[in-house]
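Peer 1: In the numbering used here, the protein residues as written are 1106 to 1484. From the three backbone atoms N, C-alpha and C, an ideal C-beta is built for every residue, glycine too. Fair warning: this is a prediction, and the values are worked out from it, not measured in the lab. I have a structure here, written as structure tokens, and I will follow up with some questions on it.
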Amino acid sequence: MDTYKRTGLVFARGRGAELEAEDGKKYLDFTSGIGVSSLGHGHPELAAAIGAQAARMIHVSNYYQSREAIELSDELCARSGMDAVFLCNSGAEANEGAIKIARKVGESMSPAASTVVTLRGSFHGRTIATLAATGQDKFHEHFGPFPAGFAYVEPEDAAALDAALGPGTCALMLEPIQGESGVVPLSEGYLRLAARLCAERGILLIADEVQCGVGRTGSFLASSRSGIKPDIVTLAKGLAGGVPVGAVLARGVAARALGPGDHGTTFGGNPLAASAARVVLGVLGAPGFLEGVTEMGDRIMATVRGWKHPLVKEVRGAGLMIGIVVTVPPDTIKHLCIEGGLLVLTAGSDVVRLLPPLVISDAEIDRGLAILRAALDKA
Ligand SMILES: Cc1ncc(COP(=O)(O)O)c(C=O)c1O
């Protein structure tokens, strides 16, 4: 179906941060397939683990367990400080699970609460419920009616948040860094206020870290950078380096809410995805790896700011999740970058978005930035 605004490129293979098209032309990849290929392309350890797991056992169904999924779940809990995990297949599916947990916890609140408050500018997925949760009107065209029980507040407005988190609210769901609407980090003060109000009022705080989680910002969870501990965190994208996976991490009452029969998924947590995710977690856990992500991101942001380019209005983000606000249509820059051999993303209406693989080298960063600079000069 004609669902994607494609560039026309057809890729054949990749190595590290480089992709090769069918015609042999090579491109530096500053997109990681929208934050997914966290270990780049053709990562030897990841490929070997997937191959070995495929030869051993790909799937067993959730009537049974696999050692790979048990160990992945334990590792996710240990890394995040959460109590329980539900493994699934995508970001939208993880958010659906989080919403169901919130609704079930809300049912036992007094009075019963069912409203999930989300932020304007948010993006939570493409299913009907996660579209309803998404606080952007353009996503609500054509596909209604949507389920009731979602309300939206402007980010960074303390009074609006205070007013919205009323007795009917079961959860507040937010992205610590809004990805799709333009790489917009929520301030530490706002995140702390959100966490405090939720805790005081018995409302669950859900952090959608589908894009900003799993080391992307230089911390395993982006929420921990602000010192907050959500009740539920959703992950997907980069978690298994390209094998489809999603995860709902929960603690306390949220971790205990679902019982047998409440929720499920056929493919979720299969040993193939679990083995891949374990390799990703192993790489991220190597001493100094996440610090390196922070340093690389800081260097990219400082370099682009240092250009003082007339087309660049602002550079923002954290780690290797970077938004460059430009004064020309970001698609123009994207296409000029492709001509120069660099893949970048856009976000919102005026942002060039960079999500390079977390294993990118300094030399590749320099090469990519030179192409980006040339594209800005030409635009
Ligand atoms: C923050 C956030 N949540 C949810 C999603 C949906 O994830 P998926 O496309 O895996 O369903 C995305 C995808 O871009 C996202 O950025």
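Measuring CB atoms only, is the stretch 1291-1310 touching the stretch 1333-1349, in the sense that at least three cross pairs come out at less than 8 Å?
Peer 2: Yes, since at least three Cβ pairs between the stretch 1291-1310 and the stretch 1333-1349 fall closer than 8 Å, the two stretches touch.
Peer 1: Please determine, among Glu1469, Arg1225, Gly1226 and Pro1250, the residue with the shortest C-alpha to C-alpha distance to alanine 1234.
Peer 2: Residue Pro1250 is the option with its Cα nearest to alanine 1234.
Peer 1: Identify every run of the alpha helix (DSSP H) within the stretch 1317-1392, keeping only runs that are complete inside it and at least 4 residues long; order them along the chain.
Peer 2: Listed in chain order, they are 1357-1361 and 1376-1389.
Peer 1: According to DSSP, simplified to helix, strand and coil, what is arginine 1118?
Peer 2: Strand at arginine 1118.
Peer 1: Could you give the DSSP three-state label for glycine 1428: helix, strand or coil?
Peer 2: If DSSP states are grouped into helix, strand and coil, glycine 1428 belongs with the strands.
Peer 1: Tell me, to the nearest whole angstrom, how far the beta carbon of alanine 1479 is from that of glycine 1445; I am working on the premise that it is less than 8 Å.
Peer 2: Yes, they are in contact, since the Cβ atoms of alanine 1479 and glycine 1445 sit about 6 Å apart, within 8 Å.
Peer 1: Rounded to the nearest angstrom, how far is the Cβ of glycine 1071 from that of glycine 1351, given a contact under 8 Å?
Peer 2: What the structure shows of the chain is the stretch from 1106 to 1484, and residue 1071 is not part of that stretch, so it cannot be assessed.
Peer 1: In terms of alpha-carbon separation, which member of Ser1185, Val1190 and Gly1186 lies closest to alanine 1174?
Peer 2: The shortest C-alpha separation from alanine 1174 is found at Val1190.
Peer 1: Return the bridge partner residues of glutamine 1283 from the DSSP annotation.
Peer 2: Glutamine 1283 is bridged to Val1289.
Peer 1: Using the Cβ count rule (16 or more neighbours within 10 Å means buried), how would you classify threonine 1451?
Peer 2: Buried, since its Cβ has 16 or more Cβ neighbours within 10 Å.
Peer 1: Between the Cα of leucine 1460 and those of Ser1143, Val1115 and Lys1131, spot the shortest distance and give me the residue it belongs to.
Peer 2: The candidate whose alpha carbon is nearest that of leucine 1460 is Ser1143.
Peer 1: Going by DSSP in three states, isoleucine 1405 sits in which element: helix, strand or coil?
Peer 2: Three-state result, isoleucine 1405: helix.
Peer 1: Using a Cβ-based criterion (distance less than 7 Å to any ligand heavy atom), does isoleucine 1139 qualify as near ligand 1?
Peer 2: For ligand 1, at least one heavy atom lies less than 7 Å from the Cβ of isoleucine 1139.
Peer 1: Quick check on this structure: which residue in Leu1386, Val1210 and Asp1134 has the alpha carbon closest to the alpha carbon of leucine 1074?
Peer 2: Nothing about residue 1074 can be read from this structure; the chain reaches only from 1106 to 1484.
Peer 1: Can you list, in chain order, the residues of its chain whose CB lies under 7 Å from that of leucine 1344, leaving out five sequence neighbours each side?
Peer 2: Around leucine 1344: Val1319, Val1350, Ala1352, Ala1382 and Val1385.
Peer 1: Taking the runs of the alpha helix (DSSP H) that are 4 residues or longer, which of them lie wholly in the stretch 1245-1276?
Peer 2: Entirely contained in the stretch 1245-1276, the alpha helix (DSSP H) runs reaching 4 residues are, in chain order, 1263-1269.
Peer 1: Roughly how many angstroms lie between the CA atoms of phenylalanine 1228 and alanine 1203, to the nearest whole one?
Peer 2: The straight-line gap from Cα to Cα measures roughly 14 Å.
Peer 1: Quick one: grab the DSSP three-state call for threonine 1451.
Peer 2: Note: threonine 1451 maps to strand in three-state DSSP.
Peer 1: With a threshold of 8 Å, are at least 3 pairs of Cβ atoms found where one atom belongs to the stretch 1144-1154 and the other to the stretch 1319-1328?
Peer 2: No, the stretch 1144-1154 does not touch the stretch 1319-1328.
Peer 1: Using only alpha-carbon positions, find the residue among Arg1410, Leu1474, Ala1256 and Leu1236 that is nearest to valine 1430.
Peer 2: Of the listed residues, the one whose Cα sits closest to valine 1430 is Arg1410.
Peer 1: Can you find the residues in the same chain that come closer than 6 Å, C-beta to C-beta, to tyrosine 1132, ignoring five residues on each side of it along the sequence?
Peer 2: Result list for tyrosine 1132: Leu1124, Gly1446 and Leu1448, in chain order.
Peer 1: In terms of residues, what are the limits of the beta strand (DSSP E) holding valine 1417?
Peer 2: 1417-1423 is the extent of the beta strand (DSSP E) around valine 1417.
Peer 1: Is histidine 1229 near ligand 1, going by C-beta to nearest heavy atom under 7 Å?
Peer 2: Yes, Cβ of histidine 1229 sits closer than 7 Å to a heavy atom of ligand 1.
Peer 1: Beta carbon of serine 1485, beta carbon of arginine 1361: below 8 Å?
Peer 2: The structure shown does not extend to residue 1485, since the chain is modelled only from 1106 to 1484, so the question has no answer here.
Peer 1: Within 10 angstroms of its Cβ, does valine 1456 collect 16 or more other Cβ (buried), or is it exposed?
Peer 2: Per the 10 Å Cβ criterion, buried.
Peer 1: What is the DSSP secondary structure of histidine 1440, counted as helix, strand or coil?
Peer 2: Correct three-state label for histidine 1440: helix.
Peer 1: Determine whether the beta carbon atoms of methionine 1500 and valine 1315 lie at a separation below 8 Å.
Peer 2: Any question about residue 1500 goes unanswered here, given that the chain covers just 1106 to 1484.
Peer 1: What does DSSP give as the partner residues of glycine 1240 in its beta bridges?
Peer 2: Answer by DSSP bridge pairing, in chain order: Arg1225.
Peer 1: Can you have a look at glutamate 1280 and say buried or exposed, based on whether 16 or more other CB atoms are within 10 angstroms of its CB?
Peer 2: Buried.
Peer 1: To which residues of the same chain is phenylalanine 1372 closer than 6 Å at the C-beta, ignoring the five residues directly before and after it?
Peer 2: So the list reads Asn1194, once near-sequence residues are dropped.
Peer 1: Can you give the Cα-Cα distance for glycine 1240 and proline 1216, rounded to whole angstroms?
Peer 2: Whole-angstrom Cα-Cα distance: 26 Å.
Peer 1: Helix, strand or coil for lysine 1205, going by three-state DSSP, please let me know.
Peer 2: Three-state result, lysine 1205: helix.
Peer 1: What does a CB cutoff of less than 7 Å around glycine 1393 pick up in its chain, not counting 5 residues either side in sequence?
Peer 2: Nothing meets the Cβ criterion.
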